[in-house]
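Numbering (our numbering), first residue to last: 93 to 243.
C-beta atoms are modelled at their ideal positions from N, C-alpha and C, and glycine is treated no differently.
Quantities reported herein were computed from a predicted structural model and do not represent experimental measurements.
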Amino acid sequence: MDTSHLDETGKARMVDVSEKQPTLRQARAEGFVHLSEKHLQAMEKHPKGDVLTLAQIAGIQAAKRTAEWIPLCHTISLDHIEIRFERENNGIRIESEARANAKTGVEMEALIAVSAAALTIYDMLKNVGHGIEIEKIRLLEKKGGKSDWKA
93 MDTSHLDETG KARMVDVSEK QPTLRQARAE GFVHLSEKHL QAMEKHPKGD
143 VLTLAQIAGI QAAKRTAEWI PLCHTISLDH IEIRFERENN GIRIESEARA
193 NAKTGVEMEA LIAVSAAALT IYDMLKNVGH GIEIEKIRLL EKKGGKSDWK
243 A
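Rendered as structure tokens:
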């Protein structure tokens, strides 16, 4: 098991990437927000504004501040973050894609983007009813660094 976030005594530490050279890093993540038909209808004319646009902005803002959410993450200057939504019969599928020329990966940025977007959808629609479920937030793919990975 990789214990790069632990020092030789087992205490938490930030990984030292000072000797690494920046390379193109990419990651995609997804999540799903289960919504009732009543919730989906409420999205159409929400009094607070366009639910998905606000969720997209929240996801972008959160991705740029990932190091504030996850204690041992490095601060990364993102070159690109995109969030897409796909309406399905029982909810909204969210997908994010993050890119940066960096010394470490952008997986957490992609995952945080999806999480914040999902939570914003929840927040915007909870007044319609609390039967909303957020699930299956997961990494789909990462490229760059030592290895590539795909779900």
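- Message: So if DSSP puts residue 190 in a beta bridge, which residue, or which two residues, is it bridged to?
- Response: Among the bridge pairs identified by DSSP, residue 190 is matched with 119 and 173.
- Is residue 243 helix, strand or coil when you go by DSSP? Three-state result, residue 243: coil.
- Per DSSP, the bridge partner or partners of residue 178: Answer is 185.
- Task: Could you have a look at residue 131 and say whether DSSP puts it in helix, strand or coil?
- Result: In the structure shown, residue 131 sits in a helix (DSSP, three-state: H, G or I).
- Message: Could you give the first and the last residue of the continuous beta strand (DSSP E) run that contains residue 232?
- Response: Segment 225-235, the beta strand (DSSP E) holding residue 232.
- Message: Taking 7 angstroms as the limit between beta carbons, can you name the residues of its chain near residue 93, skipping five residues before and five after?
- Response: With a pLDDT of 44 at residue 93, under the threshold of 50, the modelled position of this residue cannot be trusted; read the value that follows with caution. The beta carbon of residue 93 sits closer than 7 angstroms to none of the beta carbons in its chain outside the five residues before and after it.
- Task: Rounded to whole angstroms, what's the CA-CA distance from residue 112 to residue 124? Just pull it up for me.
- Result: For residue 112 and residue 124, the distance between alpha carbons rounds to 35 angstroms.
- Task: From the DSSP output, read off the bridge partner residues of residue 126.
- Result: According to DSSP, residue 126 bridges with 183 and 225.
- Message: Considering Cα atoms alone, identify which of 166, 218, 140 and 222 is closest to residue 199.
- Response: Put simply, of 166, 218, 140 and 222 the residue whose alpha carbon is nearest the alpha carbon of residue 199 is 166.
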